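Everything on this sheet refers to the single structure shown next.
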Amino acid sequence: MKAGFLKSEDPTVSRLSDNRPITDCTLGKRKYRMDDFCLERNIGCESTSQVWHVTLKARPEQSYALKIFNIKKVERTNFVKFVQQERNAMLVLNNPGHPHVIRMIDTFKDQENVYLLYEYAQGGDLWEEIKHIGIPDGYIARKLVCQLLEGLEYIHQKGIIHRDLKCENIVVKDGALKIVDFGTSLFEKDVTNEDMAETSQKREPEVTCKQMSSGDSVDDCRQQFISRGRRTYRNYVGTPNFMPPEAISNIASGYAGDLWSFGCTVYQLLLGVNCFAGSSSYFISKNVVANLIEFPESFDSDAKDFISRFLIKDPTKRMNLAEAKLHRYISGTKDMAQPSGILKRFDTIDPNIRKVCCSIQEAVFDLTIKREDATEEDHQEIIDRINWVKQQGILTVADAIEFNYYRTKRLLEAEMEEARKYMNS
Numbered sequence: 103m104k105a106g107f108l109k110s111e112d113p114t115v116s117r118l119s120d121n122r123p124i125t126d127c128t129l130g131k132r133k134y135r136m137d138d139f140c141l142e143r144n145i146g147c148e149s150t151s152q153v154w155h156v157t158l159k160a161r162p163e164q165s166y167a168l169k170i171f172n173i174k175k176v177e178r179t180n181f182v183k184f185v186q187q188e189r190n191a192m193l194v195l196n197n198p199g200h201p202h203v204i205r206m207i208d209t210f211k212d213q214e215n216v217y218l219l220y221e222y223a224q225g226g227d228l229w230e231e232i233k234h235i236g237i238p239d240g241y242i243a244r245k246l247v248c249q250l251l252e253g254l255e256y257i258h259q260k261g262i263i264h265r266d267l268k269c270e271n272i273v274v275k276d277g278a279l280k281i282v283d284f285g286t287s288l289f290e291k292d293v294t295n296e297d298m299a300e301t302s303q304k305r306e307p308e309v310t311c312k313q314m315s316s317g318d319s320v321d322d323c324r325q326q327f328i329s330r331g332r333r334t335y336r337n338y339v340g341t342p343n344f345m346p347p348e349a350i351s352n353i354a355s356g357y358a359g360d361l362w363s364f365g366c367t368v369y370q371l372l373l374g375v376n377c378f379a380g381s382s383s384y385f386i387s388k389n390v391v392a393n394l395i396e397f398p399e400s401f402d403s404d405a406k407d408f409i410s411r412f413l414i415k416d417p418t419k420r421m422n423l424a425e426a427k428l429h430r431y432i433s434g435t436k437d438m439a440q441p442s443g444i445l446k447r448f449d450t451i452d453p454n455i456r457k458v459c460c461s462i463q464e465a466v467f468d469l470t471i472k473r474e475d476a477t478e479e480d481h482q483e484i485i486d487r488i489n490w491v492k493q494q495g496i497l498t499v500a501d502a503i504e505f506n507y508y509r510t511k512r513l514l515e516a517e518m519e520e521a522r523k524y525m526n527s
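Using the numbering used here, the first residue of the sequence shown is number 103, and each one after it goes up by one.
And the structure:
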């Protein structure tokens, strides 16, 4: 790279300009244009879009998140309806807006791209904050769950089903959580009788998806089911670990689908791992349909009951959001003092211990890739690290990590046994 190209002295920031203020008296009187902005750094990338942290050239102190869709790629992959849906959903959600739902500032386009301009969440996505460890602090955890519940309640009040709720689609701004990414959302009025018909018949969900990697993105799922010819998989939407069992069978359940995903998201928030695991989307989906939910022995009993009431296979029997607000797990949060910001749950954990904890979870995930090739040494190293964390007195985190290891080990053994039976049949 040519010397001087990156203007930022911070190696984590790819600033592409000097960001020198200019005068522009037309701002606020017209649509934004791409040349109004300085690209600061890339903060997200999907198959048809990129998300950039940008600042206004005329007002460098004002930061935004700019989602850029390449028109040719969008048209070539038949993603036009997802871009339109995101824009239309945000126009509804912006009126009047909610502190726990992202706000869209403007939309504009040129010959090459469509642009959606959003408020900038400087805290990044929630998953990066909680992955591998979760939030051991029960006080902070309940406050954050309450924020998400209020945000989802507002989304539903506006007649929108999110359909891909997870920590990766939640961002942090000034200590508040905000739900983002409405590209796969659906207006409740657009759910057809045909979509709902099989739900009313209480048909047992089946695993219909093909085997894919455990790292499938929502883009992969969109493309997979767009490209299946005449068969329409309009209700198989989202991320397999968070999809309700009825969606796996391409059955709509309206707002109830979001309730299941909300339960999975709370689980992810508290433990830093997914509620449903597996080495591929096929096995993840099997575990969802079988409702294989497990919790660490030391897990908070109220939180366990709260989550479990969302993860009920029959969509009509799931706890609704009004009932959730009265649940003993969060019913007292309104009386709690509001945290000044999201407390870094690692403030009380030594950074070196945190590093080991994360390395253990990454090693556990590696087992789902190695499968039969995992060695005794791989397993023993994980066990030794877990014992080391226990010795440091971080028992809640250690218990959660140990739980995830043995849960993953059992699931992989079951997967390999199924594979052996298939090969011998």
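Glycine included, C-beta positions come from ideal geometry on N, C-alpha and C.
Given the structure is predicted, the values throughout are model-derived calculations rather than measurements.
So residue i and residue j are in contact, right, with Cβ under 8 Å, and what is the actual spacing, rounded?
{"i": "Val466", "j": "Trp490", "result": "Rounded, the Cβ-Cβ distance is 15 Å, inconsistent with contact."}
{"i": "Asp239", "j": "Val273", "result": "Rounded, the Cβ-Cβ distance is 20 Å, inconsistent with contact."}
{"i": "Ile281", "j": "Val203", "result": "5 Å"}
Given residue i, which residues of its chain have a CB within under 7 Å of its CB, disregarding the five upstream and five downstream residues?
{"i": "Leu288", "result": "Ile263 and Arg265"}
{"i": "Thr435", "result": "Arg244, Lys245 and Cys248"}
{"i": "Asn506", "result": "Val375, Gln463 and Val466"}
{"i": "Pro347", "result": "Pro307, Val390, Val391 and Lys415"}
{"i": "Ile496", "result": "Ile451 and Ile455"}
{"i": "Glu255", "result": "Leu423"}
{"i": "Asn196", "result": "Arg205 and Met206"}
{"i": "Ser400", "result": "Thr498 and Asp501"}
{"i": "Val293", "result": "Ala354 and Gly356"}
{"i": "Tyr134", "result": "Asp208, Phe210 and Leu219"}
{"i": "Lys446", "result": "In this predicted model, Lys446 has a pLDDT of only 49, less than 50, meaning its place in the structure is not dependable; the value taken from the coordinates is given anyway. None."}
{"i": "Phe448", "result": "Confidence is the limiting factor: at Phe448 the pLDDT is only 40, short of 50, which leaves the residue's position unreliable, though a coordinate-based value still follows. If we look at Phe448 and ignore the five residues flanking it on each side, its Cβ neighbours are Arg456."}
Looking at residue i: is its Cβ nearer than 8 Å to the Cβ of residue j?
{"i": "Met136", "j": "Tyr220", "result": "no"}
{"i": "Ser169", "j": "Val182", "result": "Contrary to the premise, residue 169 reads as Lys rather than Ser in this sequence. In this structure, Val182 does not lie closer than 8 Å to Lys169 by Cβ."}
{"i": "Asn172", "j": "Glu142", "result": "no"}
{"i": "Asp404", "j": "Arg430", "result": "yes"}
{"i": "Thr209", "j": "Arg189", "result": "yes"}
{"i": "Leu251", "j": "Lys427", "result": "yes"}
{"i": "Ile237", "j": "Leu372", "result": "yes"}
{"i": "Gln224", "j": "Lys260", "result": "no"}
{"i": "Gly285", "j": "His200", "result": "no"}
{"i": "Ala160", "j": "Tyr222", "result": "no"}
{"i": "Glu425", "j": "Tyr357", "result": "no"}
{"i": "Arg342", "j": "Ile409", "result": "One point to set straight first is that residue 342 is Pro, not Arg, in the sequence displayed. Not a contact, by the Cβ cut-off of 8 Å."}
{"i": "Ile395", "j": "Leu413", "result": "yes"}
{"i": "Leu469", "j": "Asp480", "result": "yes"}
What is the residue span of the beta strand (DSSP E) that residue i lies within?
{"i": "Phe171", "result": "Ser165 to Asn172"}
{"i": "Gly146", "result": "Phe139 to Cys147"}
{"i": "Ile207", "result": "Met206 to Lys211"}
{"i": "Ala354", "result": "Unbroken run through Ala354: none, as it is neither H nor E."}
{"i": "Lys280", "result": "Ala278 to Ile281"}
{"i": "Asn215", "result": "Asn215 to Glu221"}
{"i": "Lys275", "result": "Ile272 to Lys275"}
{"i": "Ser383", "result": "Where Ser383 is concerned, there is no enclosing beta strand (DSSP E), although the alpha helix (DSSP H) it sits in stretches over Ser383 to Val391."}
{"i": "Ser151", "result": "Ser151 to Leu158"}
Which same chain residues, not among the five before or five after residue i, have their C-beta less than 6 Å away from its C-beta?
{"i": "Cys377", "result": "Cys366 and Tyr369"}
{"i": "Ser363", "result": "Leu267 and Phe344"}
{"i": "Lys175", "result": "Thr150"}
{"i": "Ser461", "result": "none"}
{"i": "Pro398", "result": "Asp501, Ala502 and Phe505"}
{"i": "Asp112", "result": "Confidence in Asp112 is poor, its pLDDT being 48 and thus under 50, which makes the residue's placement unreliable; the coordinate value appears in the next sentence. Here the set comprises nothing."}
{"i": "Arg411", "result": "Met421"}
Under a Cβ-count criterion, where at least 16 other Cβ atoms within 10 Å of its own Cβ denotes burial, should residue i be classed as buried or exposed?
{"i": "Tyr241", "result": "exposed"}
{"i": "Cys269", "result": "buried"}
{"i": "Tyr524", "result": "exposed"}
{"i": "Asp138", "result": "buried"}
{"i": "Leu514", "result": "buried"}
{"i": "Ser355", "result": "buried"}
{"i": "Ser527", "result": "exposed"}
{"i": "Glu231", "result": "buried"}
{"i": "Ala349", "result": "buried"}
{"i": "Thr418", "result": "exposed"}
{"i": "Thr510", "result": "buried"}
{"i": "Asn271", "result": "buried"}
{"i": "Ala471", "result": "With the sequence shown as reference, residue 471 is identified as Ile, and Ala is not the correct amino acid for it. Exposed is the call here."}
{"i": "Lys131", "result": "exposed"}
Can you give me the Cβ contacts of residue i inside the same chain, cut-off strictly under 8 Å, excluding the 5 residues immediately before and after it?
{"i": "Met518", "result": "Arg473 and Glu474"}
If I follow the unbroken alpha helix (DSSP H) through residue i, where does it start and stop?
{"i": "Lys406", "result": "Ser403 to Ser410"}
{"i": "Lys457", "result": "Pro453 to Lys472"}
{"i": "Lys523", "result": "Leu497 to Asn526"}
{"i": "His481", "result": "Glu478 to Gln493"}
{"i": "Ile257", "result": "Gly240 to Gln259"}
{"i": "Ser287", "result": "Here Ser287 belongs to no alpha helix (DSSP H), and DSSP marks it neither H nor E."}
{"i": "Leu428", "result": "Leu423 to Leu428"}
{"i": "Leu228", "result": "Leu228 to Ile232"}
{"i": "Gln186", "result": "Val182 to Leu195"}
Using only the heavy atoms of the ligand SAH, determine whether one of them is closer than 7 Å to the beta carbon of residue i.
{"i": "Leu195", "result": "You won't find the ligand SAH in this model; it holds no ligand whatsoever."}
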